[in-house]
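*Asks:*
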Amino acid sequence: MRSERGLDISGPRLLTETGVRPEAGQPAAWTGRLLQALKEPHFWIIVFIISCGTILYYADSLPLVDELESGLRVDFARRSVHRILSILPVAYAAFVFGLPGGFLTTIAISGLLLPRVFFAAEAEEAVIEVAAFAFIGGFVTWLIDVQNREKSQHRRTIASLEWAQRELRSHIQAVENEERRLSAINAVLSVVAEPLELREIFTLALQKVMDVMRVEKSLLFLLDEQRRQLTLEAYQGVSREFAAQVATMKMGEGLNGKVAETGEPLVVKEGATSPALRTEAGRRENIQAQLIVPMKSKGKVLGTFCAATSGPRDFDAAEIELAGSIANAIAVVIENARLHQKERETYEMLRQSEENYRGLFETATEAIFVHSLDGKIIAANRACEKLTGYTREEMVGMDIATFLVPKNFKEQQEIIERELAGEPTEGPYELRLRRRDGNEAIVELMPSLVMRAGEPVGMQAIVRDVTEQRRMQENLRYYVSQVLQAQESERLRIARELHDDTAQALTGISRRLDMLASASKEIPPEIAGRLEELREQTDTVLDGVRRFSQDLRPPVLDDLGLLPALKWLVIALEEQDGIASNIRMLGEPRRLPHETELALFRIAQEALNNVRKHAQASAVELIVDFRDHQLRLAVADNGKGFDVPQSKSAAASGKLGLIGMEERARLLGGTLEIRSRPGEGTTIEVSVPG
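With the first letter of the sequence shown counted as 1, position 89 gets the number 89 in the numbering used here; the numbers rise by one all the way through.
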């Protein structure tokens, strides 16, 4: 065979094993090929021819040869033979070793001709001769390589055409087999498609199958999944007595039971040994060969189909495939019939469900709107009349934007877009709704998509009027703020009274006791010791009063602001309770309104008190973050933690301290978040504008 770049000859040559020449930068490959070429007989033949030509070329420089040539006068013949012998090895090498071999041979012979350029008298003629030879040698090499390439391409083309011809024949054979299979299936499907009862369809289909497959007997079993039992539904070519014997069989029982269990076809070529065939009725049937295939739909076995003959028969792969296709076609009919029955039952259930929903829709105490995706109201219940002041007839066809203020309408559009995009939405949403009389109502809206055939066609919104609840909450929030302000005022008053009155009085008592114990030398030592003990107790009470006064309203908060007050809390916690404490500040610190600083201080104070009393923590960190145009205050400890209530409100936990922190955060227009798990510590974080 010819390679892509030259003739493929037996023995080594300067080509790689794949027929591709070594690339530049691969000296090891070139060296290996060169060593192989040295073992090639063609190589030595080329060397011999080149040697002979070289001797003829330089014959005039050899005395013996020159005298012989002068005597015989064969100078012209010698030069002609030399030119032939020069081109011959080039063509030989190009033909055997390809393009590199021809070029290397041309270069080698040109190198052998070069000495004549420098030493011969006719140097100019020698130069022309060398140049002409190099050109002719390269041209001959190129011509041979082109011819080799064309022959190689021609052979590849012939091989491709032969391969394509074989592929075409195989495709034609496959198409013919497929046509035969499809014609058989079409004959069965023409029966299956008839609007008949299933039993009639089965009987007619078996008749067609017997004609197509050229068998004398056929049986069709359906599978009862709950009982795991096969039931004979139709048969052709067997007696009633035999049909009665195989009317039912368990999964795994007999040949059909095994096929139903495994889901794989089964072929019995000759001498069937099924238990049913050993009876008297079975022997009379004289069944020898059987082909049993499962009837599958969507990968699920619905039954089995059996084709049998009275004589030996070897069912080939095409017949097995044909029987499987027919069985699956019948299985699809069975599945469709069952689905149709389920659809009728589902339709009845849906109709009943729709009637129930209609009753709930009409009598619901909360307003329910159904509108299209472009905002047109399709339906509304009676509660909508009470909420909006419009009758249901008037609302149908109105735009939902009629009832929403511009800001809330934009929010409603965003909700619809998120629902259509499949993004999770958390409701309910609080909106303001305009009534017919011009008044506004605060409502909570819970939206949901209305789907039809898997496509969204509208939105349903359950709307609850929470106007009174919000007013009560606002009133309650106002009362809470007043109570908190009253508490702070009372704290300030008590702190001042403790500092100005109680602390001063205790200081005076302590000094008098000290003076009394040190000034009276006539007092017995026992009484003096008791006076000193009484003075120390008075100092202890004085320290407690001062600490209590500072806790009620620390002066550092009013004088220096929030950050120094928080640092004072952290230092006091570490000194008094031995809990390692740290405060970390993020962003650029700034002063906040006095009410804001006071509320944040109380939140941090209550959080640290909880750490002191309940957390059993060894370390606590307080973080103050002034970034992003807000203030974030977080208190994190490594204590025992607790289960956070599912309700978002801290009041659900029953902890009054958490309730107070949450109310203060709400009064500032912020949020309070509690993160905790048993054994993993607790983090209380409040974020407020600022």
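Cβ atoms here follow ideal geometry from the backbone N, Cα and C, with glycine treated the same way. Keep in mind it's a predicted model, so treat the numbers as computed, not measured.
What first and last residue would you give for the alpha helix (DSSP H) that runs through Val209?
*Replies:* Counting along the chain, the alpha helix (DSSP H) containing Val209 begins and ends at 198-213.
*Asks:* I'd like to know if the region 663-671 and the region 595-603 are in contact, where contact means that at least 3 CB-CB pairs between them fall below 8 Å.
*Replies:* Result yes; three or more Cβ-Cβ pairs closer than 8 Å.
*Asks:* Please state the DSSP three-state secondary structure of Ser310.
*Replies:* In this structure, Ser310 counts as coil in the three-state DSSP scheme.
*Asks:* According to DSSP, what are the bridge partners of Gln371?
*Replies:* One detail in the question is off: residue 371 reads as His in this sequence, not Gln. Answer by DSSP bridge pairing, in chain order: Ile377, Met459.
*Asks:* Fully enclosed by the region 412-452, which beta strand (DSSP E) runs are 3 residues long or longer?
*Replies:* Runs of the beta strand (DSSP E) inside the region 412-452: 429-434, 440-452.
*Asks:* List in chain order: all unbroken beta strand (DSSP E) runs of 3+ residues lying wholly within the region 289-340.
*Replies:* Here the runs fully enclosed are 289-297, 300-309.
*Asks:* Report back the beta-carbon spacing between Ile377 and Gly397 to the nearest angstrom; my notes put them in contact at under 8 Å.
*Replies:* Rounded, the Cβ-Cβ distance is 7 Å, consistent with contact.
*Asks:* In this structure, does DSSP put Glu685 in helix, strand or coil?
*Replies:* It is a strand residue.
*Asks:* Secondary structure at Asn582, three-state DSSP: helix, strand or coil?
*Replies:* It is a strand residue.
*Asks:* Just tell me which of Leu563, Glu595, Gln576 has its CA closest to the CA of Met585.
*Replies:* Nearest C-alpha to Met585: Leu563.
*Asks:* Classify Ala92 as buried or exposed, calling it buried when 16 or more other Cβ atoms lie within 10 Å of its own Cβ.
*Replies:* It is worth fixing the name first, because residue 92 is Tyr in this sequence and not Ala. Buried, since its Cβ has 16 or more Cβ neighbours within 10 Å.
*Asks:* Taking only the alpha-carbon atoms, compute the straight-line gap between Ala565 and Asp625 and give it to the nearest angstrom.
*Replies:* Spanning the two alpha carbons is a distance of roughly 16 Å.
*Asks:* Taking Leu291 as the reference, give the member of Gly324, Ala634, Leu449 with the closest Cα.
*Replies:* When each option's Cα is compared against that of Leu291, the closest is Gly324.
*Asks:* Val556 to Arg546, Cα distance in whole Å?
*Replies:* Cα to Cα, Val556 sits roughly 14 Å from Arg546.
*Asks:* Helix, strand or coil for Glu533? Go by DSSP, reduced to three states.
*Replies:* In the structure shown, Glu533 sits in a helix (DSSP, three-state: H, G or I).
*Asks:* For a quick check, are the C-beta atoms of Pro115 and Thr105 less than 8 Å apart?
*Replies:* Not in contact: Pro115 and Thr105 (Cβ atoms no closer than 8 Å).
*Asks:* With which residues is Glu693 paired in a DSSP beta bridge?
*Replies:* This structure gives no information on residue 693, because the portion of the chain shown stretches from 1 to 690.
*Asks:* Report the residue from Ser152, Glu129, Phe133, Gly375 whose alpha carbon sits nearest the alpha carbon of Gly102.
*Replies:* Nearest C-alpha to Gly102: Phe133.
*Asks:* Span of the alpha helix (DSSP H) holding Gln596?
*Replies:* Note that residue 596 is Thr in the sequence shown, not Gln. Where Thr596 is concerned, the enclosing alpha helix (DSSP H) stretches over 594-610.
*Asks:* Val246 and Lys217 - do their beta-carbons sit closer together than 8 Å?
*Replies:* Contact flag unset, no.
*Asks:* For Arg691, which three-state DSSP category applies?
*Replies:* Here the chain covers residues 1 to 690 and nothing more, so residue 691 does not appear.
*Asks:* Between which two residues does the alpha helix (DSSP H) containing Glu393 stretch?
*Replies:* From DSSP, the alpha helix (DSSP H) with Glu393 extends over 392-395.
*Asks:* Beta-carbon within less than 6 Å of Asp145's beta-carbon, same chain only, minus the 5 sequence neighbours each way: which residues are those?
*Replies:* Only Leu99 meet the Cβ criterion.
*Asks:* Are the beta-carbon atoms of Leu513 and Arg535 separated by less than 8 Å?
*Replies:* Cβ atoms of Leu513 and Arg535: closer than 8 Å.
*Asks:* For Ala572, which option in Thr538, His594, Glu588, Asn609 has the closest C-alpha, if you only look at C-alpha atoms?
*Replies:* That would be Asn609, whose Cα lies nearest to the Cα of Ala572.
*Asks:* Can you tell which of Glu241, Thr248, Leu219, Val215 has its C-alpha closest to the C-alpha of Thr231?
*Replies:* The candidate whose alpha carbon is nearest that of Thr231 is Thr248.
*Asks:* For Lys613, name the three-state secondary structure that DSSP assigns.
*Replies:* Reduced to three states, the DSSP call for Lys613 is helix.
*Asks:* Are the CB atoms of Leu373 and Leu404 within a distance shorter than 8 Å?
*Replies:* The answer is no: Cβ separation not under 8 Å.
*Asks:* Output the boundary residues of the alpha helix (DSSP H) element that contains Thr388.
*Replies:* Its alpha helix (DSSP H) spans residues 382-388.
*Asks:* Kindly identify the DSSP beta-bridge partner or partners of Ile623.
*Replies:* In the DSSP output, where bridge partners are listed per residue, Ile623 has Arg584, Ala634.
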